[in-house]
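Using this note's numbering, you'd call the opening residue of the sequence shown number 500 and step up by one each time. A virtual CB, placed ideally from N, CA and C, is assigned to each residue, including glycine. Remember, it's a predicted structure, so these values are computed and weren't measured experimentally.
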Amino acid sequence: MTVRITVKNIAANATMRMEVEPQETMADVIQCAAEYWSKDSGAYILKKGKTMLRGDRTAEETGLVNDDVLELIPDPEGGGNGTA
500 MTVRITVKNI AANATMRMEV EPQETMADVI QCAAEYWSKD SGAYILKKGK TMLRGDRTAE
560 ETGLVNDDVL ELIPDPEGGG NGTA
């Protein structure tokens, strides 16, 4: 079942709504959001509340439900190629 979520870009103070399938990974969500905001997907991670979401986890494994808000933040450990 499709889950409707909001991704909040902390750096840009902007949001986007998207639909996620249970088998989609958090890396897929990051990639979609990064493309939307013209950013380098490797330079960002997702958080749900205080929990960092691993890129290899699926929406189902993460326990996403309708109306969840995920925060797209710069990767505190670095990453990407410096173009973000």
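- Shown here for Asp555: same chain residues with a beta carbon closer than 8 Å to its own, the five before and five after excluded, namely Thr524, Met525 and Ala526 in chain order.
- If you look at Thr557, you'll find it isn't in any beta strand (DSSP E); DSSP assigns it neither H nor E.
- Look at Glu520 here: in three-state DSSP terms it is coil, with no helix or strand label.
- DSSP places Asp566 outside both helix and strand once states are collapsed to three, so it counts as coil.
- With respect to Thr501, Glu520 sits close: the two C-beta atoms are nearer than 9 Å.
- The C-beta distance from Asn565 to Arg503 rounds to 5 Å, short enough to meet the 8 Å contact threshold.
- Within the same chain, and ignoring the five residues on either side of Glu518 in sequence, the residues whose Cβ sits closer than 6 Å to its Cβ are Thr501 and Arg503.
- Distances from the CA of Pro575 to each of Met551, Lys547 and Ile529 were compared; the closest alpha carbon is that of Met551.
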